[in-house]
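Going by the UniProt record's numbering, the first residue of the sequence shown is number 1, and it counts up by one from there. Built from N, CA and C at the ideal position, the CB exists for glycine as well.
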Amino acid sequence: MLCYIIRPSDMTEEELSSPECIKTIKVQEIIVSRWIFLERTHRPR
1 MLCYIIRPSD MTEEELSSPE CIKTIKVQEI IVSRWIFLER THRPR
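Encoded structure:
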């Protein structure tokens with residue numbers, strides 16, 4: 001899983017250091033799964 005923290009572009013460093021910034025920040029999560037080609041898993045030896 002990947003999480004992107006999205007904050008307003010006009011937010012200052014001072015605002016980011018305050019717990020109040022949580023109200024304006026958004027978190028976007030992306031679920032990623034690993035997959036293997038079928039050809040690779042069923043190769044004759």
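- In this chain, E14 is not harboured by any beta strand (DSSP E); it is covered by the alpha helix (DSSP H) spanning 13 to 16.
- If the five residues before and after M1 are omitted, its C-beta is found closer than 8 angstroms to the C-beta atoms of E29, I30, I31, V32, all from its own chain and listed in chain order.
- Between I5 and I22, the gap from beta carbon to beta carbon reaches 8 angstroms or more.
- As DSSP reads the structure, C3 sits in a beta bridge with E29.
- Between C3 and the set R34, W35, V27, the nearest pair of CA atoms involves V27.
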